[in-house]
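Protein chains in written order, with this note's numbering: chain A, 7 to 124; chain B, 22 to 132.
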């Protein structure tokens with residue numbers, strides 16, 4: 007597709023269950039980001055992938071959170087043993103590496119996955 | 022670490038100008054961005070300014086940067102009801118990829 011696609015758009019789960027969120031970046035974008043947006047708060051950086059480099063996981067809040075990316079395409083964010091404080095909108099963004107090196111690094115965002123943990 | 026702050030709400034009348042303010046803490050921030058988020062959608066880049074600029078104008082949008090005070094503003098001229106959205110200020114340092122976002126300012130436009 008033309009934009010960043012995320013699925014599911016909404017996810018309701020029970021406390022303690024595992025969830026998997028998916029992101030399809032724009033074709034050709036080698037950089038991919040995951041953010042968390044809690045209600046009324048800004049975007050919280052979670053993890054960054056760039057090509058074949060080791061991802062920057064410095065924003066992951068706990069070891070219950072993990073993410074993978076297949077080459078330069080799909081990424082999945084997994085939250086194990088979900089807690090109520092994990093409830094948020096999870097946003098994915100992608101950008102062109104050439105854009106990054108030109109220092110603009112314009113990020114293109116998906117519509118997000120709204121996660122509700124009951 | 023870097024922090025970006027902005028007020029949470031702004032209400033204006035249709036046709037008036039809107040000014041959304043933002044402050045950031047990292048003086049080495051080289052790119053500053055304004056993103057717009059409409060309901061149910063992801064963030065969309067509106068405009069950005071490089072830190073060696075004071076002002077950037079793009080149609081109805083004017084960005085002002087006071088690097089000394091680390092203050093950024095977005096002015097929307099002739100605000101329309103379609104401008105109602107959440108506006109995020111963001112800052113990125115030189116050489117890095119991390120972009121720090123503010124909490125967003127919710128703009129209400131009254132007809």
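Glycine is no exception: its CB is placed at the ideal position from the N, C-alpha and C atoms.
Cβ shell of residue 124(A) (< 6 Å), same chain only, five flanking positions each side left out | 20
Rounded distance between the beta-carbons of residue 119(A) and residue 27(A), thought under 8 Å = 5 Å
Which residues bound the beta strand (DSSP E) around residue 6(A)?
-> It is not possible to answer for residue 6(A), since the shown part of chain A is limited to 7 through 124.
Residue-level contact to chain A via CB, residue 45(B), 9 Å cutoff = no
At a CB-CB cut-off below 8 Å, which residues of chain B make contact with residue 111(A)?
-> 52, 113, 118 and 120
Kindly list, in the order they appear in chain B, the residues whose Cβ is closer than 7 Å to that of residue 96(A).
-> Neighbours of residue 96(A) on chain B: none; closest Cβ ~11 Å, over 7 Å.
Taking residue 109(B) as the query, report the chain A residues whose CB atoms sit under 9 Å from its CB, ordered along the chain.
-> 48 and 49
Should residue 31(A) go down as buried or exposed, given a rule of 16 or more other Cβ atoms within 10 Å for buried?
-> buried
Can you have a look at residue 63(B) and say buried or exposed, based on whether 16 or more other CB atoms are within 10 angstroms of its CB?
-> buried
Have a look at residue 11(A) and residue 95(A) and give me their C-alpha separation to the nearest angstrom.
-> 14 Å
According to DSSP, is residue 65(B) helix, strand or coil?
-> strand
Where residue 104(B) sits in the DSSP three-state scheme = helix
Starting from residue 51(B), follow its DSSP beta bridges and name the residues at the other end.
-> In the DSSP output, where bridge partners are listed per residue, residue 51(B) has none listed.
Answer with buried or exposed for residue 35(A), where buried requires no fewer than 16 other C-beta atoms within 10 angstroms of its C-beta.
-> buried
So the beta strand (DSSP E) residue 30(A) belongs to, where does it begin and stop?
-> 25-30
Measure the beta-carbon distance from residue 95(B) to residue 86(B) and round it to whole angstroms, keeping in mind my assumption that it falls under 8 Å.
-> Actually they are not in contact, since the Cβ atoms of residue 95(B) and residue 86(B) sit about 11 Å apart, beyond 8 Å.
Coil, strand or helix - residue 47(A) by DSSP | coil
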